[in-house]
Amino acid sequence: MKASIQYNAMNGLWILFIDCKYEESPKYIRMITKIIIKMLSGAAIPGNKRRVRAGRHYLVHEHIVELHTDEWFPLVLASKRKELLEGIKAIFMDMIGKK
Numbered sequence: 451m452k453a454s455i456q457y458n459a460m461n462g463l464w465i466l467f468i469d470c471k472y473e474e475s476p477k478y479i480r481m482i483t484k485i486i487i488k489m490l491s492g493a494a495i496p497g498n499k500r501r502v503r504a505g506r507h508y509l510v511h512e513h514i515v516e517l518h519t520d521e522w523f524p525l526v527l528a529s530k531r532k533e534l535l536e537g538i539k540a541i542f543m544d545m546i547g548k549k
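Taking our numbering, I'd label the letters of the sequence shown as residues 451 to 549.
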């Protein structure tokens, strides 16, 4: 499994792509949610405070993390904080047993 972080200049967000099969994405979404909520003390953001309607949004240490999925990119996280995504990536890769 590969995971990479890239900067999207169009919207000013850092993007974490986790390259996994679409069938495996529900399992990994649960893992990412566990990392964000339990390990990083994040909280879900209600619909009216989101940047976009699609995906799940979380507030972690006063920074927003967006979690999106679809058939072409099974697992995508977006945030303005690269360090936050790097931390999530490191914990996630440790949890699945690969670095």
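We put the CB at the ideal spot given by N, CA and C, even for glycine.
Secondary structure of residue i, DSSP reduced to three states
{"i": "residue 529", "result": "strand"}
{"i": "residue 549", "result": "Residue placement at residue 549 is poorly supported in this model, since its pLDDT is 45, which falls under 50; the coordinates are not used for a value here."}
{"i": "residue 537", "result": "helix"}
Run of the beta strand (DSSP E) containing residue i, from where it starts to where it stops
{"i": "residue 453", "result": "452-458"}
Cβ shell of residue i (< 6 Å), same chain only, five flanking positions each side left out
{"i": "residue 528", "result": "463, 465, 516"}
{"i": "residue 531", "result": "513"}
{"i": "residue 456", "result": "465"}
Own chain, CB closer than 8 Å to residue i, minus 5 neighbours either side, in chain order
{"i": "residue 542", "result": "453, 468, 478, 481, 482, 485"}
{"i": "residue 471", "result": "524"}
Cut-off 7 Å between Cβ atoms - residues of its own chain near residue i, not counting five sequence neighbours on either side
{"i": "residue 549", "result": "Any answer about residue 549 is weak, because its pLDDT of 45 lies below 50 and its placement is not dependable; what the coordinates show is given next. So the list reads 543, once near-sequence residues are dropped."}
{"i": "residue 545", "result": "481"}
{"i": "residue 510", "result": "486, 490, 492, 534"}
{"i": "residue 475", "result": "519, 524, 525"}
Self-check item: Complete runs of the alpha helix (DSSP H) confined to the stretch 464-532 [at least 4 residues]
Solution: Listed in chain order, they are 475-484.
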